[in-house]
Every structure is written in C-alpha cells, then in structure tokens.
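Asks: Heads up: the sequence shown runs through residues 4 to 401, numbered per the numbering used here.
Don't be surprised by glycine CBs; every beta carbon is placed ideally from N, CA and C.
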Amino acid sequence: MKSGRNKRAGQATRAIHLGYDPATAQGALTPPIYLTSTYAFESVEQGAALFRGEREGYIYGRTKNPTQSLLEQRIADLENAEAALVVASGMAAISGTFWSLLSQGDGIVADKVVYGNTYALLDKGVTRFGIETKFVDFTNLDEVAAAIGPKTKLVYFETPANPNLRIVDIAGVVALARAKNVLVVVDNTFATPILQRPIDLGADLVIHSATKFLGGHGDLLAGVVAGKAETIKTIRMNGLRFLTGATISPFAAFLMLRGLKTLEIRVERHSKSAATIAERLSKHPAIETLHYPGLADHPRAAIVKRQMSAGGGLIAFEIKGGIKAGIAVMDKLDIIRRAVSLGDAETLIQHPASMTHAAYEPEVRAKHGISDGLIRLSVGLENVEDIWDDLEQALAAV
Ligand code: 7XF
C-alpha cells in the first residue's frame, strides 16, 4: 500500500496489503517465510551494536523474525495499537505479559469467568511467586472498584468471556482503572478486532489466543499481545527473550498472515450464521437457557451495542434435562465436531465443565457461574442450513 494516501484503507484491505511490497522480494505476491534461527552480522561491531540496542535489526530468532514482524505490524494495525508481539500460544502471551509487568508483592484483579488455564495461571501459577490474585465479578463495576488496592498493578478480563459469553463494559472498567493508575488488559479472542477494539476504548493491552479466529483454520497455535510500543518492547525483551522463550515458528507466522487475509469476511460469516442459529435456538422447546451477545433481549444488549459491531461466532446454552441430555445431544451430532477450540471453519461443540474449564475446582466453577450443564458452540463457515439441520436432528433425537 502506498503511504501518503489521505484516506486510511479498510480493515480487510490493510490485513491483505499492509507493510509488504512485492518489489522487495523478487515480485513474490505472497510474503516469503524466513526459515532462519540466526542472522549473520556484517562485522563484530555491527553485531555488538545490535545487542546494545543502538541499531535496529535481527539478531536471533527467539525475539523476532521478518515473517513474524510483518504479522505483528498487521495485527497492531487491526487493533489500532502502536505495536504487537506474536508468540507461540495464547497462554504464552498471557504468561509473558504477567512475568514481564509484575513482581513479587504486586496484585492482579481478574474476572471470575475466564478460560480455564488463564484461571489456573492466575490462581495457581503467579501466586506461587508472590503475586496476589483476586477474582471478582466484572459485570459489577462496584466490585471491581472495591477490589483494586494499593498493590494492584493490572486488571484482567475477557469479553465476551469464555465460556458463557458474559459481557464486561470495557469503557466502564477503563474509567475505574485509569483513576487508580492500573493497567487494563483485555482478552479479545472471542470478538476479534473486526467486532471490537478495546484499545479504542482506552484499554492498555489486548491479548489473543490467535489459535482461534485470527489463525482461523485450526492449523496453528499462536498468541498476541498488543498495546503501547514501550510495553510491547518490555514484553518481547523480558517475557519472550528470557522468561518464557515461547517464540512462534516462522511457519506458523506465515499461516497466520494467510489467515488474516480472510479475517473480516470470515468473522462476518461466523457472526451472521451464529445469529441465525441463536435466533432459532431461542424458540426451540429443548433449550433451557441461551447466551448469545447478538440477541436483542440479551441482558447487556446496550453494552454489546456500544462496544461490539455484531454478536460474534460463539453461542452457549443449556438443554432441558441438564448435562445428561446435553451429552446425548452432542454425541448425536454428525458434521458438528466435538472438539475444544473455536473460530475454525468447522463448527465445534464442547462441554466447558469437563473440558476447557476443567482446571477450575468444581465448587469454584459453580460459584463463578459456570454451570455443569453449559454447552459451548463455535459456529463455523459451513452453510448455515447444514449446521442447523445437524443441531435440529440431534435435539429431536433426545
Ligand atoms: O494457548 P492458547 O492459544 O490455547 O490460548 C489460550 C486462551 C486464551 N484466551 C482465551 C479466551 C482462550 O479461549 C484460550 C484458549 N481456549 C481454548 C478453548 O476455550 O477452546 C482452549 C482449548 S482447551
């Protein structure tokens, strides 16, 4: 893309073109993969200058690679962030962020409903090193305000949250945290920057499991953290370089660049199909409870409208007859795959209590509002009538 154009190109255009000129790579339309672990220095002095940080460039593959750099540029742009870091998995992004920004004696205030291993990292991981975690209900801003104390360095939440899609008011949390000088970290995995951009709402850092919609094809693991250039540099040079070493492979970075080219069109389709399925489930006699942020009668519809441009690709529900009936329905499915993960072309269904949220102790899970009967559906890119037919036949059979 030529710089100097007055009008900023759209998200899809930027995700396809930004930061790459084929003339720099023998005309290759697709950016090449740099499969190299190390880089040759022109001289000893040039190498030393790179190590001293006096020159920009590549030294060794653990901290960056050109394929990864292009990917980071495109992701930062999609999130309207100054910079981004891409690492080996979502958990690597979260842990690298915590290890880089927190020290013994610091505190985190986190939402009660987060991905199971994020909960485990917060509850059983960082606490072993003298960091204190408090879990509160982020749908109640008074609870968040009361939990932030003098030790609190950051607040952490997902919205929509995994697995029950509850909605946290991003601008509301930002207003509270700003006043107390606390960093706001938002896991934007479920919404993607196509539907929601937390940094525009004042968040400091955005996290992704890029394994999901950003990759989009169920063929890679990756994680993202995006935010201020200075903070991202700290996370790269501490978190990635010597605390976790969890580097993304150049090949996975290449696959993700490929995934990003269709991000907007995929997310639009995931979201449109999920809205159709949710609408039909809302009228289905077998459904006991239904959670979909895009429904007009969602209890937090006003916040959804303010911060998301559509409801997204995930639906959660409970079936009459509880989890026994739910498992029977899941086992009757044909094209819908029983699998964890989400945001893939394939429609995926899973049981959070025994799968993605098994790391929660059962009593904590219940207290935090993640019910044993809950089922999570990631609506894929198949024709929506085929997805519905499969669900309908399974629901009818039980
Ligand atoms: O390390 P990963 O790339 O798997 O990402 C961890 C992660 C971080 N944040 C959110 C909101 C997530 O959902 C995840 C991973 N979740 C998958 C799931 O819920 O299906 C993991 C399968 S066990």
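In whole angstroms, what separates the C-alpha of L258 from that of A149?
Replies: Taking the first residue of the sequence shown as 1, we reach residue 258 at position 255. Taking the first residue of the sequence shown as 1, we reach residue 149 at position 146. Rounded to the nearest angstrom, the two C-alpha atoms are 43 Å apart.
Asks: Measure from the alpha carbon of I306 to the alpha carbon of each residue in G329, K127, A52, T162, then state which is nearest.
Replies: Taking the first residue of the sequence shown as position 1, residue 306 is located at position 303. Closest option to I306, Cα to Cα, is T162.
Asks: The ligand 7XF heavy atoms versus the CB of M333: any closer than 6 Å?
Replies: By one-based count along the sequence shown, residue 333 stands at place 330. Not so, every heavy atom of the ligand 7XF lies at least 6 Å from the Cβ.
Asks: State the DSSP-derived secondary structure class of A87, mapped to helix, strand or coil.
Replies: For the purposes of this step, residue 87 is taken as residue 84 along the sequence shown, with counting starting at 1. In the structure shown, A87 sits in a strand (DSSP, three-state: E or B).
Asks: Can you tell me whether DSSP reads E75 as helix, strand or coil?
Replies: Walking along the sequence shown from the start, residue 75 turns up at place 72. Three-state DSSP puts E75 in a helix.
Asks: Kindly indicate the opening and closing residues of the alpha helix (DSSP H) around D145.
Replies: Locating residue 145 in the sequence shown gives position 142, counting from the first residue. Its alpha helix (DSSP H) spans residues 144-150.
Asks: Of the choices E45, W102, F320, whose alpha-carbon is the least far from that of D375?
Replies: Counting from 1 along the sequence shown, the entry for residue 375 is found at position 372. Out of E45, W102, F320, F320 has the C-alpha closest to the C-alpha of D375.
Asks: Between which residues of its own chain and T130 is the CB-CB distance below 8 Å, once the five residues before and five after are set aside?
Replies: On the sequence shown, position 127 is the one that residue 130 refers to. Counting only Cβ-Cβ distances below 8 Å, and skipping sequence neighbours, we find T136.
Asks: According to DSSP, simplified to helix, strand and coil, what is Y122?
Replies: One-based indexing of the sequence shown puts residue 122 at position 119. Reduced to three states, the DSSP call for Y122 is helix.
Asks: Can you tell me where the beta strand (DSSP E) with R379 in it begins and where it stops?
Replies: Stepping through the sequence shown from its first residue, residue 379 is reached at position 376. 378-381 is the span of the beta strand (DSSP E), which, as asked, contains R379.
Asks: Is the Cβ-Cβ distance between V228 and I210 less than 7 Å?
Replies: If you number the sequence shown from 1, residue 228 lands on position 225. If you number the sequence shown from 1, residue 210 lands on position 207. The answer is yes: Cβ separation under 7 Å.
Asks: Mind listing which residues have their beta carbon within less than 6 Å of any non-hydrogen atom of the ligand 7XF? Chain order is fine.
Replies: Chain-ordered list of matching residues: S92, G93, M94, Y118, T121, E161, N165, D190, T192, S212, T214, L224, G226, V343, S344, L345, T359.
Asks: May I have a chain-ordered list of the beta strand (DSSP E) segments no shorter than 3 residues that lie completely inside the stretch 282-307?
Replies: The stretch 282-307 contains these whole beta strand (DSSP E) runs: 290-294.
Asks: By Cβ distance, which residues of its chain are closer than 8 Å to W391, with the 5 residues on each side in sequence left out?
Replies: On the sequence shown, residue 391 is found 388 positions in, with the first residue counted as 1. Closer than 8 Å at the Cβ level, and outside the excluded window around W391, lie T279, I280, R283.
Asks: Report the rounded CA-to-CA distance for T195 versus E48, giving the unit in angstroms.
Replies: In the sequence shown, residue 195 corresponds to position 192, counting from 1. In the sequence shown, residue 48 corresponds to position 45, counting from 1. So the alpha carbons of these two residues sit roughly 43 Å apart.
Asks: Just how far apart, CA to CA, sit G248 and V90?
Replies: Locating residue 248 in the sequence shown gives position 245, counting from the first residue. Locating residue 90 in the sequence shown gives position 87, counting from the first residue. If you take the alpha carbons of G248 and V90, they lie about 9 Å apart.
Asks: According to DSSP, is E233 helix, strand or coil?
Replies: Sequence index remark: in the sequence shown, residue 233 carries index 230 (1-based). Helix, per DSSP.
Asks: Contact check, L105 vs K156 under 8 Å by CB: the rounded distance?
Replies: Position 102 of the sequence shown, counted from the start, is the residue given in the question as residue 105. Position 153 of the sequence shown, counted from the start, is the residue given in the question as residue 156. 6 Å between Cβ atoms; contact.
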